[in-house]
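The block underneath contains the structure these notes are about, expressed in structure tokens.
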Amino acid sequence: MDRYVTISNRTYSLETLKLLTGKMDVQDVLLDIPEELLYLCEVIDHPHKLPYYIEAFFNIKLTDEDVFRFALMRVQVDSDLRTNEDIQKHQNRKYVSRTIEKLVFADILLEDIQNIPLEGE
203 MDRYVTISNR
213 TYSLETLKLL
223 TGKMDVQDVL
233 LDIPEELLYL
243 CEVIDHPHKL
253 PYYIEAFFNI
263 KLTDEDVFRF
273 ALMRVQVDSD
283 LRTNEDIQKH
293 QNRKYVSRTI
303 EKLVFADILL
313 EDIQNIPLEG
323 E
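Numbers in the numbering used here are just positions in the sequence shown, counted from 1, shifted up by 202.
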């Protein structure tokens, strides 16, 4: 059951905010959420809005690049783990996070990590 919170007259999913911030406690989630994570939450929950946010993400000034990148990676990992729950939803979420990561960072970190051979291979 998804709960929602209203911030600056916009409604966001608490579950998605928890995932993006990497915090399981709702009280911790609601402390100082950077604006870029709110934008990300909106497009993760509503993937069809992504085309309207392309320029915003391309030109975004990140508060903390690592925080944003880890948020994108958490969405990708969560989507991979939950694909069997709702294939279309999680494919869309993964597509959105990978597209934004490519726009902002010009590469996809998890893709690079997956291509690194393990020791002894």
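Where is the CB? At the ideal position from N, CA and C, for every residue including glycine.
What is the rounded straight-line gap between the Cα of residue i and the Cα of residue j?
i, j, result
"Cys-243", "Ala-258", "14 Å"
"Glu-267", "Val-306", "9 Å"
"Ile-235", "Ala-308", "24 Å"
"Asp-227", "Leu-216", "10 Å"
"Asn-261", "Tyr-254", "13 Å"
By DSSP, does residue i sit in helix, in strand, or in coil?
i, result
"Arg-212", "strand"
"Asp-234", "coil"
"Thr-265", "coil"
"Asp-288", "coil"
"His-250", "helix"
"Ile-256", "helix"
"Met-226", "coil"
"Ile-310", "coil"
Going by DSSP, which residues form a beta bridge with residue i?
i, result
"Val-207", "Tyr-214"
When you compare the CB positions of residue i and residue j, do they come within less than 9 Å of one another, or not?
i, j, result
"Thr-301", "Gln-293", "no"
"Lys-296", "Val-277", "yes"
"Leu-221", "Asp-280", "yes"
"Thr-385", "Glu-303", "There is simply no residue 385 to check, as the chain begins at 203 and stops at 323 in what is shown."
"Val-207", "Leu-252", "no"
Could you tell me which of the options sits nearest to residue i, measuring between CA atoms?
i, options, result
"Ile-209", "Pro-253, Gly-224, Tyr-241, Ile-262", "Tyr-241"
"Ile-246", "Leu-274, Gln-229, Asp-227", "Leu-274"
"Lys-225", "Ile-289, Lys-304, Val-298, Phe-272", "Phe-272"
For a cutoff of 9 Å on Cβ pairs, would you count residue i as touching chain B?
i, result
"Phe-259", "Protein chains in the displayed structure number just one, and chain B is not present."
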